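**Q** Handing you this structure, nothing more for now.
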Amino acid sequence: SGRMTEGQQRGLDQGRPLFGLSLTDTPVDFDQVFGRSAPRTLEIGFGMGHSLLEMAAASPEQDFIGVEVHYPGVGAMLNGVLTQGLTNVRVYDCDAIEVLNRCIADNSLDRLMLFFPDPWHKSRHHKRRIVQPEFAALV
């Protein structure tokens, strides 16, 4: 999972209990999670969270859900949420396909963002790529 800075660890320790979401077996009611009905964006693979934090800070009237498996990135993003006092961000730290299959109801998102999706260059790693026919059918 990589080494973490103090800020990243703080993000995980303090931010995950407040803003972390867990896989469920039924679709999540995001109006209940956020305590309001608002336009909703899901960003898959947010890396260190820079774009997600910028969008959330610039659009407090919208809600943002991030999905990232790299714990230092999750920690960095959650530390940013805490530091900036944002309340319109939630995060899954697990596989995006699982989140989409199990937690996201049809028509519950207004936007799905996926930047730089496939860093797996080698042929033997292609199975790890998220952009495949099954993923396209899912979204």
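Residue numbers for the sequence shown follow our numbering, beginning at 4 and rising by one. All residues carry an ideal CB built from backbone N, CA and C; glycine is no exception. Since the model is a prediction, treat every value here as computed from it, not as a measurement.
In the DSSP output, what is Leu115 paired with across the bridge?
**A** Along the sequence shown, read from residue 1 onward, the residue named residue 115 stands at position 112. Looking at the DSSP assignment, Leu115 forms a beta bridge with Leu45.
**Q** Within 10 Å of its beta-carbon, does Glu101 have 16 or more other beta-carbons around it, so buried, or fewer, so exposed?
**A** Position 98 of the sequence shown, counting from 1, holds the residue named residue 101. Label assigned to Glu101: exposed.
**Q** Give me the Cα-Cα distance between Thr8 and Ser40, rounded to the nearest whole angstrom.
**A** Start at 1 with the first residue of the sequence shown, and residue 8 comes out as number 5. Start at 1 with the first residue of the sequence shown, and residue 40 comes out as number 37. Their Cα atoms are separated by approximately 35 Å.
**Q** Out of curiosity, what's the CA-to-CA distance linking Asn110 and Arg43?
**A** Within the sequence shown, numbered from 1, the residue matching residue 110 stands at position 107. Within the sequence shown, numbered from 1, the residue matching residue 43 stands at position 40. Using only the alpha carbons, I get a separation of about 10 Å.
**Q** Are Phe22 and Arg93 closer than 8 Å when you measure CB to CB?
**A** Taking the sequence shown and counting its residues from 1, the one referred to as residue 22 is at position 19. Taking the sequence shown and counting its residues from 1, the one referred to as residue 93 is at position 90. Yes, Cβ-Cβ distance for Phe22 and Arg93 is below 8 Å.
**Q** How about Phe67 and Ala59: do their beta carbons lie closer than 8 Å?
**A** As a working mapping, residue 67 is identified with position 64 in the sequence shown. As a working mapping, residue 59 is identified with position 56 in the sequence shown. Yes, the pair counts as a contact, with Cβ atoms nearer than the cut-off.
**Q** Would you kindly check if the distance between the Cβ of Leu112 and the Cβ of Leu55 is under 8 Å?
**A** Along the sequence shown, read from residue 1 onward, the residue named residue 55 stands at position 52. Along the sequence shown, read from residue 1 onward, the residue named residue 112 stands at position 109. Contact flag unset, no.
**Q** Counting only runs of 3+ residues fully inside the region 84–113, write out the beta strand (DSSP E) ranges in chain order.
**A** Those beta strand (DSSP E) runs which fall completely within the region 84–113 and span 3+ residues are 92–95.
**Q** Going by other Cβ atoms of all chains shown within 10 Å of its Cβ, with 16 needed for buried, is Glu57 buried or exposed?
**A** Taking the sequence shown and counting its residues from 1, one reaches residue 57 at position 54. Counting Cβ neighbours within 10 Å, Glu57 comes out exposed, since fewer than 16 surround it.
**Q** In whole angstroms, give me the CA-to-CA distance for Gln12 and Gly76.
**A** Counting from 1 along the sequence shown, the entry for residue 12 is found at position 9. Counting from 1 along the sequence shown, the entry for residue 76 is found at position 73. Computed Cα separation, rounded: 10 Å.
**Q** Among all the DSSP beta bridges, which residues are the ones paired with Asp66?
**A** Sequence index remark: in the sequence shown, residue 66 carries index 63 (1-based). BP columns for Asp66 point to Arg43.
**Q** Within 10 angstroms of the Cβ of Ser4, are there 16 or more other Cβ atoms? Answer buried if so, exposed if not.
**A** Within the sequence shown, residue 4 is the residue found at index 1, counting from 1. For Ser4, the pLDDT reaches just 49, beneath the cut-off of 50, and the residue's location in the model is therefore unreliable, although a value from the coordinates is still provided. It is exposed - the Cβ of Ser4 has fewer than 16 other Cβ atoms within 10 Å.
**Q** Look at Tyr95 and Leu24 and say whether their C-beta atoms are less than 8 Å apart.
**A** Start at 1 with the first residue of the sequence shown, and residue 95 comes out as number 92. Start at 1 with the first residue of the sequence shown, and residue 24 comes out as number 21. Cβ atoms of Tyr95 and Leu24: closer than 8 Å.
**Q** From which residue to which residue does the alpha helix (DSSP H) around Pro30 run?
**A** Counting from 1 along the sequence shown, the entry for residue 30 is found at position 27. It is not in any alpha helix (DSSP H) - Pro30 carries neither H nor E in the DSSP assignment.
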